[in-house]
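Before any comments, here is the structure.
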Amino acid sequence: MLITSVVGARPQFIKAAPVCRALRAGHEEVLVHSGQHYDHGMSAVFFEQLGIPEPDVDLAVGSGGHGKQTGEMLALIEDLLLQRRPDAVLVYGDTNTTLAGALAAAKLGIPVVHVEAGLRSFDRTMPEEINRVLVDHLAELLLCPTAVAVRNLAAEGVTEGVELVGDVMLDTARFFVEGFDGAAVLAEHGVEPRGYYLATLHRAATSDDPERLASVVRAFGRLDMPVLWAVHPRTAKNLDGFGLRPLLETLPGIVPLEPLPYLETNALLRDAAALLTDSGGMQKEAYFLGVPCVTLRDTTEWVETVDFGWNTLAGTDEDRIVAAVAGLTYPPVHPDVYGDGHAAQAIVAAMERRFGGVT
Ligand code: UD1
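The opening residue of the sequence shown carries number 221 in my numbering; numbering runs sequentially from there.
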């Protein structure tokens, strides 16, 4: 098979790493980087750490409004697909890059493969929810991480081409994190196991709203242990723009950090007392590592983490966040709901059956 994979944002690099490896063992891949994330710490460092091949094409689209960013990617990806028509286009997750890749392919009659299909927050105010619904309805092969995702698709009448393959982020976690000695990372940040919280924040709904962002900052400042906060560039810009830096400086428990690479993030996560985040992927990474999570949203796509007691939805209200952290527990069970860490092989096998003439 010839497969064109389109990636562009940090979580997509984490998901693509094992799939690139599995795919290239027997097939040809053209790897396209949209350029949605472009800072070294948001992009290149993930390629280096996770051994992802150099992108064959870098569209260098960069930041912008949804229309401009998605539209530029769409035009450029269409040109690429017209130059060399693959057997399928592979897209991951729910970003603007995912939508652009899927739409360009679908309009040219090229099959779309969607990894992480079927997730729903049922919150259409999230740009990601719009992206994932559209991509699922364009895709010919829908590769779901969980049984809940399969059911979500069925509820929308999508049953053809749907396969449950497990969660590919677990592949990356098993491959890279389990054997990684994080002692030096903790020492570098001057923290002891279970003696700190790790935080990340980047959703538009949280970080683009001055009141909500301030409320979260105040909550972090009231916690009983230091909060190591890896600040996403969007959030960093807003902390400046909303004049929140002086507030941050009055709260000594908060330790703002630059965005962290994959291994450092997971080393700090593994030994944290808890994760505070509005990220989707990190809710799961915490679950994989048996670390409780307080999610700074009112909905989640990863409902299993909540069902098993490892994740608490706290929204962005200061008191609710503080109460959620105070009420954290370590549940006794930790079921394997995200597969067996071999989703990448299942993804490639599903593509071979559908597009590669393999039965
Ligand atoms: C995007 C995805 C989101 C995903 C997240 C992972 C969409 C709609 N959102 O959100 O689903 O969870 O990536 O991180 O696709 N910026 C930089 N340097 C970079 C990248 C971004 O400074 O390398 C700044 C720019 O000011 C930019 C802002 O961050 O405007 C937001 O970046 P963008 O890619 O639009 O959205 P994310 O918040 O990263």
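Even for Gly, the Cβ is constructed at its ideal location relative to N, Cα and C.
Just so you know, these numbers come straight off a predicted model, no measurement behind them.
Candidates 327, 390, 343, 344, of which the one nearest residue 295 by Cα:
Here residue 295 refers to the residue found at position 75 of the sequence shown. Checking every option, the nearest Cα to that of residue 295 belongs to 327.
Between the CA atoms of residue 420 and residue 410 - distance to the nearest angstrom:
Indexing the sequence shown from 1 puts residue 410 at position 190. Indexing the sequence shown from 1 puts residue 420 at position 200. Going from the Cα of residue 410 to the Cα of residue 420 covers about 19 Å.
Which same chain residues, not among the five before or five after residue 468, have their C-beta less than 7 Å away from its C-beta?
Taking the sequence shown and counting its residues from 1, the one referred to as residue 468 is at position 248. Excluding positions up to five away in sequence, the list reads 437, 459, 474, 476.
Would residue 223 and residue 299 be called neighbours here (beta carbons separated by less than 8 Å)?
Looking up residue 223 in the sequence shown gives position 3. Looking up residue 299 in the sequence shown gives position 79. In this structure, residue 299 does not lie closer than 8 Å to residue 223 by Cβ.
Are the Cβ atoms of residue 564 and residue 241 separated by less than 8 Å?
Here residue 564 refers to the residue found at position 344 of the sequence shown. Here residue 241 refers to the residue found at position 21 of the sequence shown. Taking 8 Å as the Cβ cut-off, residue 564 and residue 241 qualify as a contacting pair.
Terminal residues of the continuous beta strand (DSSP E) containing residue 247?
As a working mapping, residue 247 is identified with position 27 in the sequence shown. That residue, residue 247, is in no beta strand (DSSP E); it is neither H nor E in DSSP.
Beta-bridge partners of residue 240, as assigned by DSSP:
The count along the sequence shown starts at 1 and reaches residue 240 at position 20. Answer is none; residue 240 lacks a bridge partner.
Excluding the five sequence neighbours on either side, which residues of its own chain have a C-beta within less than 7 Å of the C-beta of residue 313, listed in chain order?
Within the sequence shown, residue 313 is the residue found at index 93, counting from 1. If we look at residue 313 and ignore the five residues flanking it on each side, its Cβ neighbours are 231, 232, 235, 336.
Could you tell me which residues DSSP puts in a beta bridge with residue 225?
The residue you call residue 225 lines up with position 5 of the sequence shown. For residue 225, which the question treats as bridged, DSSP gives the partners 251, 310.
Kindly confirm or deny that the region 346–361 and the region 255–271 touch, where touching means at least three C-beta pairs closer than 8 Å.
no
Report all residues from its chain with a CB closer than 7 Å to the CB of residue 441; omit the five preceding and five following residues, and keep chain order.
As a working note, residue 441 is residue 221 in the sequence shown. So the qualifying residues of the chain are 471, 473, 474.
Under a three-way DSSP split, which group does residue 382 fall into?
Taking the first residue of the sequence shown as 1, we reach residue 382 at position 162. Residue 382 falls in the strand class under three-state DSSP.
Assuming contact is defined by CB atoms lying nearer than 8 Å, are residue 322 and residue 280 in contact in what I supplied?
On the sequence shown, residue 322 is found 102 positions in, with the first residue counted as 1. On the sequence shown, residue 280 is found 60 positions in, with the first residue counted as 1. Taking 8 Å as the Cβ cut-off, residue 322 and residue 280 do not qualify as a contacting pair.
With a cut-off of 8 Å, do at least 3 Cβ pairs link the region 363–373 to the region 552–568?
yes
Note the first and the last residue of the continuous beta strand (DSSP E) segment covering residue 275.
As a first step, residue 275 must be located in the sequence shown, where it is residue number 55. Here residue 275 belongs to no beta strand (DSSP E), and DSSP marks it neither H nor E.
Return the chain-ordered list of same chain residues with a C-beta closer than 7 Å to the C-beta of residue 439, the five sequence neighbours on each side being excluded.
Here residue 439 refers to the residue found at position 219 when the sequence shown is read from its first residue. So the list reads 538, 541, 542, once near-sequence residues are dropped.
Got a sec? Which residues, its chain only, sit under 6 Å from residue 372 by beta carbon, not counting five neighbours each side?
Within the sequence shown, the letter at position 152 stands for residue 372. Closer than 6 Å at Cβ, skipping near neighbours: 338, 340.
Three-way DSSP call (helix, strand, coil) for residue 511 in this model:
Taking the first residue of the sequence shown as position 1, residue 511 is located at position 291. Of the three classes helix, strand and coil, the one that applies to residue 511 here is coil, per DSSP.
Would you mind giving the Cβ-Cβ distance between residue 309 and residue 333, rounded to the nearest angstrom? I have them listed as a contact below 8 Å.
Here residue 309 refers to the residue found at position 89 when the sequence shown is read from its first residue. Here residue 333 refers to the residue found at position 113 when the sequence shown is read from its first residue. The Cβ separation is near 7 Å, so the contact holds.
Taking the alpha carbon of residue 501 as the point to measure from, which residue in 576, 344, 315, 433 has its own alpha carbon closest?
The residue labelled residue 501 in the question sits at position 281 within the sequence shown. Among 576, 344, 315, 433, the Cα nearest to that of residue 501 belongs to 315.
When the distance is taken between beta carbons, is residue 228 closer than 8 Å to residue 257?
The residue given as residue 257 occupies position 37 in the sequence shown. The residue given as residue 228 occupies position 8 in the sequence shown. For residue 257 and residue 228, yes; Cβs fall inside 8 Å.
Assign residue 334 to one of three DSSP states: helix, strand, or coil.
Translated into the one-based positions of the sequence shown, residue 334 becomes position 114. It is a strand residue.
Is the closest heavy atom of the ligand UD1 to the C-beta of residue 256 under 7 Å?
As a working note, residue 256 is residue 36 in the sequence shown. Under cutoff, so the answer is yes.
For residue 339, which of helix, strand or coil comes out of DSSP?
Sequence index remark: in the sequence shown, residue 339 carries index 119 (1-based). Reduced to three states, the DSSP call for residue 339 is coil.
Burial state of residue 319, where buried means 16 or more other Cβ atoms lie within 10 Å:
For the purposes of this step, residue 319 is taken as the residue at position 99 of the sequence shown. By the 10 Å Cβ count, residue 319 comes out buried.
With H, G and I counted as helix, E and B as strand and the rest as coil, what does DSSP make of residue 426?
To locate residue 426, count along the sequence shown from 1; it is residue 206. In the structure shown, residue 426 sits in a helix (DSSP, three-state: H, G or I).
Contact test: residue 275 Cβ vs the ligand UD1 heavy atom, cutoff 7 Å:
Residue mapping note: residue 275 aligns to position 55 of the sequence shown, counting from 1. Incorrect: residue 275 has no Cβ contact closer than 7 Å to the ligand UD1.
Looking only at its chain, what residues have a beta carbon closer than 7 Å to the beta carbon of residue 465, apart from the 5 residues adjacent to it on each side?
In the sequence shown, the residue the question calls residue 465 occupies position 245. Only 459 meet the Cβ criterion.
Within the continuous alpha helix (DSSP H) that includes residue 482, where are the two ends?
Here residue 482 refers to the residue found at position 262 of the sequence shown. Here the alpha helix (DSSP H) through residue 482 covers 482–490.
Is the beta carbon of residue 414 sitting closer than 8 Å to the one on residue 534?
For the purposes of this step, residue 414 is identified with residue 194 of the sequence shown, where counting begins at 1. For the purposes of this step, residue 534 is identified with residue 314 of the sequence shown, where counting begins at 1. No.
Among 380, 357, 434, which residue has its Cα nearest to the Cα of residue 463?
Within the sequence shown, numbered from 1, the residue matching residue 463 stands at position 243. The option with the nearest alpha carbon to residue 463 is 434.
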